[in-house]
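Residue numbers (my numbering): 150 to 299. Note that the Cβ used here is the ideal one computed from N, Cα and C, for glycine as well.
1) Below 8 Å, how does it come out for the segment 160-170 and the segment 274-288: are there three or more Cβ pairs, yes or no?
2) May I ask which residues mark the beginning and end of the beta strand (DSSP E) holding residue 143?
3) Thinking C-alpha only, which one of 182, 257, 180 and 227 is nearest residue 245?
4) Based on DSSP bridge pairs, tell me the residues matched to residue 175.
5) Kindly confirm or deny that the segment 182-201 and the segment 226-241 touch, where touching means at least three C-beta pairs closer than 8 Å.
6) Between which residues of its own chain and residue 181 is the CB-CB distance below 6 Å, once the five residues before and five after are set aside?
7) Using the C-alpha atoms, what's the distance from residue 276 back to residue 222?
8) With distance defined between alpha-carbon atoms, name the residue in 179, 186 and 177 nearest to residue 155.
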């Protein structure tokens, strides 16, 4: 499965916000610049995130975006579904946007059976990984890759 640019960019921006938890809101322009993301596209991405309560927006001086909940309570699956609607490598295994496939027998179709297992594995990971988990893992990997002084 390949993430859409919408989900990829949204996740990257939200990881940044999760890392800033407890700090003042950040403007979308700054968030986009810091993460090398297209500002105009980010405007379209943050509207559904705000509508879903994943982010909060504050207008005026010192305004900007912050997470709507604790990063431990925001899971990657929720974000991907908010931005893309479904998590499925083929539409015949989608739980949200099911469409029948053209194979002769959907129940025994080898492709559908394998892709259903792929979907289940992906869903298990993204529905059990929070923004906080992902940011913590990133920091652990960063520490593991730093050179030790000699």
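In this structure, then:
1) Because the criterion of three Cβ pairs below 8 Å is met, the segment 160-170 and the segment 274-288 touch.
2) In the structure displayed, the chain extends from 150 to 299; residue 143 sits before or after that span and is not available.
3) Closest option to residue 245, Cα to Cα, is 227.
4) Answer is 214.
5) Yes: the two stretches touch, three or more of their Cβ pairs being nearer than 8 Å.
6) The beta carbon of residue 181 sits closer than 6 Å to those of 188 and 191, all from its chain and outside the five residues before and after it, given in chain order.
7) Approximately 11 Å between the Cα atoms of the pair.
8) Of the listed residues, the one whose Cα sits closest to residue 155 is 186.
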